[in-house]
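> The opening residue of the sequence shown carries number 2 in the numbering used here; numbering runs sequentially from there. Structure incoming, see below.
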Amino acid sequence: MKNILTVCVGNICRSPVAEALLKESLPGRKVWSAGLQAVVGHGAEPTARDIAAQHGLDLSAHRAQQVAGWMCTHADLVLVMEASHQQALEKLYPTARGKIRRLGEFGPQGPFDIADPYQQPRAAFEAAHAAIALGVAEWVLRINLVS
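Structure, rendered in structure tokens:
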């Protein structure tokens, strides 16, 4: 698994954090992010960027982009934040169905969605960051086993 795409809605809160965590944990792989309804060209949301910085991640260069078919084709793995994102992407790009998976697929109590913190209090961003970190850690274990 050399190419990994992370997807959320706006590509300014959750998927940039997942992208940064995966890049940090899986050096040598191409990791990028996009949104189903991206706020194209915008940087990471300030609260998400601040919390990421507290965890040693730099989101300052991030710019949101809209997900496209070529991205799903090129990716070996597409990690989404919610089951509804998985359904939407599978409908848009049915040939990518097998590689579109939920970031929270392997939670300790079973699969989980990562709630969108956009326009929510800081606590929602902190909870999202923690959930993303958990999902990334679980996927990194699996990715390292197969590649």
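All C-beta atoms in this analysis are idealised placements derived from N, C-alpha and C, irrespective of residue type, glycine included. None of these values were measured; they are calculated from a predicted model.
Can you give me the Cβ contacts of I101 inside the same chain, cut-off strictly under 6 Å, excluding the 5 residues immediately before and after it?
Correct list, in chain order: V79, Q87, L90, E91.
> According to DSSP, S34 sits in a beta bridge with which residue or residues?
DSSP, once it has assigned bridges, lists T7 as partnering S34.
> Specify, as a first and last residue, the run of the beta strand (DSSP E) that V68 falls within.
Element bounds for V68: n/a, residue is neither H nor E.
> Where do the ends of the beta strand (DSSP E) carrying R103 lie?
Here the beta strand (DSSP E) through R103 covers 101 to 103.
> Is it buried or exposed for W33, if we count other Cβ within 10 angstroms and need 16 for buried?
Label assigned to W33: buried.
> Using 8 Å for Cβ pairs, my map puts A84 next to D114. What's the rounded Cβ distance?
At roughly 6 Å, the Cβ-Cβ gap stays under 8 Å, so A84 and D114 are in contact.
> Count the other CB atoms, across all protein chains shown, that sit within 10 Å of the CB of N12; report buried if there are 16 or more and exposed otherwise.
Under this definition N12 is a buried residue.
> Taking the continuous beta strand (DSSP E) assigned at L142, which residues delimit it?
That residue, L142, is in no beta strand (DSSP E); its alpha helix (DSSP H) goes 123 to 147.
> Could you give the first and the last residue of the continuous alpha helix (DSSP H) run that contains L90?
First-last of the alpha helix (DSSP H) with L90: 84 to 93.
> Below 7 Å CB to CB, which residues in the same chain sit around V10 once its five sequence neighbours on both sides are set aside?
Cβ neighbours of V10 beyond the five flanking positions: G36, L37, Q38, D117.
> Between V147 and L22, how many whole angstroms is the CB-CB distance? I'm expecting something under 8 Å.
Contact doesn't hold; Cβ gap of about 19 Å is too wide.
> Under DSSP, the beta strand (DSSP E) around V18 begins and ends at which residues?
Per DSSP, V18 belongs to no beta strand (DSSP E); it is in the alpha helix (DSSP H), 15 to 26.
> When the Cα of L93 is compared with those of D59, G111, H130, G70, which residue comes out closest?
The candidate whose alpha carbon is nearest that of L93 is G70.
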